[in-house]
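Those sequence lines, one after another, are chains A and B.
Quick note on the numbering used here: the first sequence kicks off at 23 and runs consecutively.
Quick note on the numbering used here: the second sequence kicks off at 2 and runs consecutively.
Virtual Cβ for every residue (Gly too), placed ideally from N, Cα, C.
Report on the structure given below.
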Amino acid sequence: MVAENAEILVRFEEVQKSYDGEVLVVKNLNLDIAKGEFLTMLGPSGSGKTTCLMMLAGFETATHGKIILDGESINNVPPHKRDIGMVFQNYALFPHMTVAENLAYPLVVRKMSKSDIEARVQRALDMVQLGGFAGRRPAQLSGGQAQRVAVARALVFEPKLVLMDEPLGALDKQLREQMQYEIKHIHDNLGVTVVYVTHDQSEALTMSDRVAVFNDGVIQQLAPPDQLYELPENSFVAQFIGENNKLSGKVTAVNGSTCTVEVDGSGEVKAVPVNIDGIGSRSSLSLRPERVMVNPSDGTCPNVFDAQVEELIYLGDHMRTRVSVCGHDDFIVKVPNSAGHVHLRPGETVKVGWQAEDCRALDA
Amino acid sequence: MAQVEAGGPMLDAAGVPLKVSLARAERRNRMRALGLVLPLLAFILITFVYPIALMVFRGVDNPTVSEFLPETAEMLRAWDGEGLPEDAVFASMAREFAKASKERTLGKVATRLNYELSGSRSLVTKSGRNLRRLKTEPTKADLVALDKRWNQPETWSVLKRLAEPYTLSYYLAAIDKTYNVDGAIVDQPESRQIYVALFLRTLWVSLLITALCVLLAYPIAYLMAILPTKTSNLLMILVLLPFWTSLLVRTSSWIVLLQTEGVLNDILVWTGIIGDDGRIQMIYNMTGTVVAMVHILLPFMVLPLFSVMKTISPTYMRAAKSLGATPARAFWTVYFPQTVPGIGAGSILVFILAIGYYITPALVGGRTGQLISNFIAYHMQQSLNWGLAAALGGILLAGVLALYWIYNRLVGIDNMKLG
């Protein structure tokens with residue numbers, strides 16, 4: 023949640039959006055975005071995140087509800103009067119203009135003086151380390167360079183808000199990671215408010231102050247990255263963010279801060295009750311692979327089960343180990359590749375265990 | 002693996018120079034490519050390049066006199082062209098006139114001479130007929146006695162020019178010039194100056210048609226590019242519909258619509274916009290030509306425009322708007338410049354088609370709506386002056402090539418997109 027003293031820049035109030043009058047793509051969205059915040063809308067395709075961004079930019083109209091920017095409703099303000107910078111998925115650099123002309127475009131439109139424009143364009147180019155590229159055409163830039171120019175163009179007119187619509191989708195993995203840091207640094211240095219849309223969860227976790235996880239037109243959880251990963255509030259978020267082991271069963275007892283879930287036909291698991299309907303209801307248990315211990319010492323874990331090693335994948339710093347536990351054969355354990363650690367072999371039977379507080383009982 | 006010997010060429014694994022083995026490996030592909038284009042290449046050479054070359058050659062070719070009056074032609078070429086030639090030339094021509102008249106080839110000479118000197122057809126045929134009847138070998142006196150024109154230097158100066166194997170006179174005629182008695186190039190008499198004005202009219206009409214096509218095609222192509230595929234396909238069919246209809250049918254329907262007693266005039270009279278006596282002449286003049294040709298050539302503008310616009314992502318306009326440009330400004334500064342290659346391609350296509358268009362002006366152009374191609378056809382089919390037709394066609398071809406060159410310099414042909 024936004025810190026109480028923070029100034030709200032953007033507010034979605036009960037916003038709904040439908041394209042065909044039958045299905046709601048965005049269902050009753052309420053969201054506050056603070057000034058200077060880096061907020062990411064994360065979700066699978068079709069979850070409504072891009073629609074939200076487009077409504078904010080003004081390219082889609084909200085079917086219901088209000089979008090407030092800087093205290094004023096912008097529902098009826100056309101895109102070119104919103105003063106919102108935007109970075110598009112395929113950069114949308116104007117191919118018939120040079121890099122400098124692209125950057126100057128928003129300034130020329132705002133009728134700035136020529137010397138002002140030149141100075142600002144140069145500053146923006148320096149900011150993205152492309153000082154010598156002013157005369158190039160977009161077609162002569164590499165993907166990463168084009169991306170930098172697109173970012174610079176969205177920032178050069180100092181908008182209140184910058185929207186980024188999967189801006190790194192077209193880059194290869196290494197470049198993408200590098201650009202994530204660069205965008206993050208630009209955000210930190212300028213203090214501009216950024217709303218970022220992506221379907222890549224690691225991108226969201228790396229860059230954001232807060233992440234709004236979208237699914238089915240609804241924000242499933244809105245939280246800082248660490249909370250999202252460690253304290254998921256429902257099984258969609260648990261599955262979508264990071265790697266997750268899911269065990270389904272029935273709640274048999276709730277006792278304050280712990281509950282007991284009977285995993286179908288193979289014993290009871292102690293867990294933290296987070297999102298359950300009470301005794302007798304179905305629940306999905308969520309457990310991160312790195313929190314599972316192999317052959318734990320006696321008495322240290324309340325949950326210990328026999329596991330059969332099915333598959334080992336060598337990943338350098340750790341072994342990704344797939345085991346069968348409680349009738350689930352897709353249970354993943356991350357075994358660190360540290361000195362003196364056990365080496366497992368496929369087919370062998372071991373004990374795996376975990377703490378009750380690492381295991382969250384969520385909705386089925 | 003490639004190996005380098007010190008100072009030597011790069012060698013492949015078998016020790017053959019790499020360039021040689023590369024050429025060998027590529028030869029197969031080149032032969033296959035050649036094999037694929039060969040039939041079309043041969044077809045174009047035989048049916049397009051060769052006839053055009055032949056036609057252009059006809060514009061300067063001047064064989065008639067040399068072929069049918071060979072001895073006289075040789076003597077005329079040797080003559081210095083001052084005053085009248087020697088008596089032997091007269092005698093030779095009289096003799097060859099008689100011979101050609103007997104062999105029925107004199108008519109060709111008469112026609113050729115008539116192009117240069119009106120009224121000389123009858124002079125030649127009459128002379129030939131009379132000379133043939135002579136019992137004795139014809140002489141200068143016989144010829145001059147037949148018609149006093151044979152004693153005038155003008156006639157002989159024309160004959161001397163015709164004796165040359167090549168001539169510029171067709172090309173001169175095509176730009177309203179001619180030779181005078183002294184062999185200098187001068188303007189045609191004013192009453193016979195038609196072709197320069199016709200070329201200019203053709204150029205102007207083609208430009209007008211091209212401009213109208215751009216104006217009409219741009220919005221429809223834009224609409225097709227932004228509509229969903231299903232709707233744009235329907236529009237595309239409507240655009241292509243004229244292509245599937247016979248040219249003759251389309252042109253004739255314009256006659257039905259636009260003639261003085263036609264549908265459009267009837268509607269105008271019926272609604273009272275014009276009186277029954279004030280029916281507008283919209284066909285058999287330039288208006289008819291322009292209207293019908295714009296209609297026929299429109300698809301050639303729509304298709305290249307559409308194919309260019311289709312590739313312009315709508316995010317460009319969104320980006321421009323997000324940067325603060327009004328929709329109109331975003332259109333002019335971001336969208337329109339990207340469609341220029343399409344406008345260029347469509348324009349050059351429509352313009353080149355229009356400048357050589359024949360059938361539509363012939364049908365609906367009346368007297369004032371004729372273009373240069375109608376006169377080329379006239380000289381090919383009616384007056385049988387193929388030399389002049391070839392000269393007019395040659396100038397048209399050169400003009401189109403020149404415009405194409407200018408276009409390439411200004412826009413760059415690589416920027417042209419047809420599909």
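* To do: Could you check what DSSP says for residue 336 of chain A in three-state terms: helix, strand or coil?
  => strand
* Do residue 350 of chain B and residue 362 of chain B have their C-beta atoms closer together than 8 Å? -> No, these two residues do not count as a Cβ contact at 8 Å.
* To do: Grab the span of the beta strand (DSSP E) containing residue 243 of chain B for me, first residue to last.
  => Run containing residue 243 of chain B: none in the beta strand (DSSP E); it sits in the alpha helix (DSSP H), 230-245.
* To do: Report the three-state DSSP secondary structure of residue 360 of chain B (helix, strand or coil).
  => Reduced to three states, the DSSP call for residue 360 of chain B is helix.
* Looking at C-alpha atoms only, which residue of A:249, A:275 and A:276 is the closest neighbour of residue 264 of chain A? -> A:249
* **Own chain, CB closer than 7 Å to residue 355 of chain A, minus 5 neighbours either side, in chain order** => 311, 314, 316, 343, 345 and 374
* Would you please state the rounded distance, in angstroms, between the beta carbons of residue 271 of chain A and residue 307 of chain A? I believe it to be under 8 Å. => 7 Å
* Distance cut-off 7 Å: residue 219 of chain A Cβ against heavy atoms of the ligand ADP -> Absence of the ligand ADP from the depicted structure is noted, as is the absence of any ligand whatsoever, leaving it without description.
* Classify residue 73 of chain A as buried or exposed, calling it buried when 16 or more other Cβ atoms lie within 10 Å of its own Cβ. => buried
* To do: With a threshold of 16 other CB atoms inside 10 Å of the CB of residue 242 of chain A, please say whether the residue is buried or exposed.
  => buried
* Asked: Does the beta carbon of residue 316 of chain B come closer than 8 Å to any beta carbon on chain A?
  -> Interface residue, yes.
* **Interfacial residues, the stretch 307-339 of chain B to chain A, with Cβ spacing under 8 Å** => 314, 316, 317, 319, 320, 321, 322, 323, 324, 325, 326, 327, 328, 330, 331, 334, 335, 338 and 339
* To do: State the Cα-Cα distance for the pair residue 233 of chain B and residue 225 of chain B, rounded to the nearest angstrom.
  => 5 Å
* Asked: Going by C-alpha distance, which of B:184, B:52 and B:41 is nearest residue 84 of chain B?
  -> B:184
* Asked: Would you call the CB atoms of residue 273 of chain A and residue 283 of chain A closer than 8 Å?
  -> Yes; because the gap between Cβ atoms is below 8 Å, this pair is in contact.
* Asked: Closest Cβ-Cβ distance between residue 132 of chain A and chain B: below 8 Å?
  -> yes
* **Assigned secondary structure, residue 192 of chain A (DSSP; H/G/I helix, E/B strand, else coil)** => Residue 192 of chain A falls in the coil class under three-state DSSP.
* Asked: Rounded C-beta distance between residue 343 of chain B and residue 286 of chain B? I'm assuming under 8 Å.
  -> Contact doesn't hold; Cβ gap of about 32 Å is too wide.
* Since residue 106 of chain A meets chain B, which of its residues come closer than 7 Å, beta carbon to beta carbon? -> 323
* To do: Pull up the distance between the alpha-carbon of residue 396 of chain B and that of residue 196 of chain B, whole angstroms please.
  => Those two C-alpha atoms are separated by around 11 Å.
* Leaving out five residues before and five after residue 217 of chain A in sequence, what residues of the same chain have Cβ atoms less than 6 Å from its Cβ? -> 61 and 185
* Excluding five sequence neighbours on each side, which residues of the same chain lie with their C-beta closer than 6 Å to the C-beta of residue 155 of chain B? -> Closer than 6 Å at the Cβ level, and outside the excluded window around residue 155 of chain B, lie 182.
* Is residue 211 of chain B near residue 63 of chain B, with beta carbons less than 8 Å apart? -> Using a Cβ distance threshold of 8 Å, residue 211 of chain B and residue 63 of chain B do not count as a contacting pair.
* **Counted within 10 angstroms of its Cβ, other Cβ atoms place residue 4 of chain B as buried (16 or more) or exposed** => Low per-residue confidence applies at residue 4 of chain B: pLDDT is 49, beneath 50, and the placement is therefore not dependable, though the value from the model is reported in the following sentence. Residue 4 of chain B is exposed by the Cβ-count criterion.
* Asked: Along chain B, in chain order, which residues have C-beta atoms closer than 9 Å to that of residue 97 of chain A?
  -> Near residue 97 of chain A there are no residues of chain B at all, since even the closest Cβ is about 16 Å away, more than 9 Å.
* Would you tell me roughly how many angstroms separate the C-alpha atoms of residue 385 of chain B and residue 403 of chain B, rounded to the nearest one? => 28 Å
* Best match in A:239, A:238, A:190 and A:103 for proximity to residue 229 of chain A [C-alpha to C-alpha] -> A:190
* Asked: Could you give the uninterrupted runs of the beta strand (DSSP E) lying entirely in the stretch 160-236 of chain B, keeping only those of 3 residues or more?
  -> Here the runs fully enclosed are 178-180 and 186-188.
* To do: Taking all protein chains shown into account, decide if residue 43 of chain B is buried (16 or more other Cβ within 10 angstroms of its Cβ) or exposed.
  => exposed
* residue 78 of chain B by DSSP, collapsed to three states: which one? -> helix
* Any idea what DSSP makes of residue 399 of chain A, helix, strand or coil? -> Residue 399 of chain A cannot be examined here, being either before or after the span of chain A that is shown, 23 to 386.
* Give a yes or no on whether the C-beta atoms belonging to residue 257 of chain B and residue 264 of chain B are separated by under 8 Å. => yes
* Interface flag, residue 114 of chain A vs chain B, CB-CB below 8 Å -> yes
* Asked: Do you know how far the Cα of residue 276 of chain A is from the Cα of residue 380 of chain A?
  -> 16 Å
* Asked: Since residue 86 of chain A sits in a beta bridge, which residues does DSSP pair it with?
  -> Partner(s): A:38.
* To do: Tell me whether residue 409 of chain B sits in a helix, a strand or coil according to DSSP, three-state version.
  => helix
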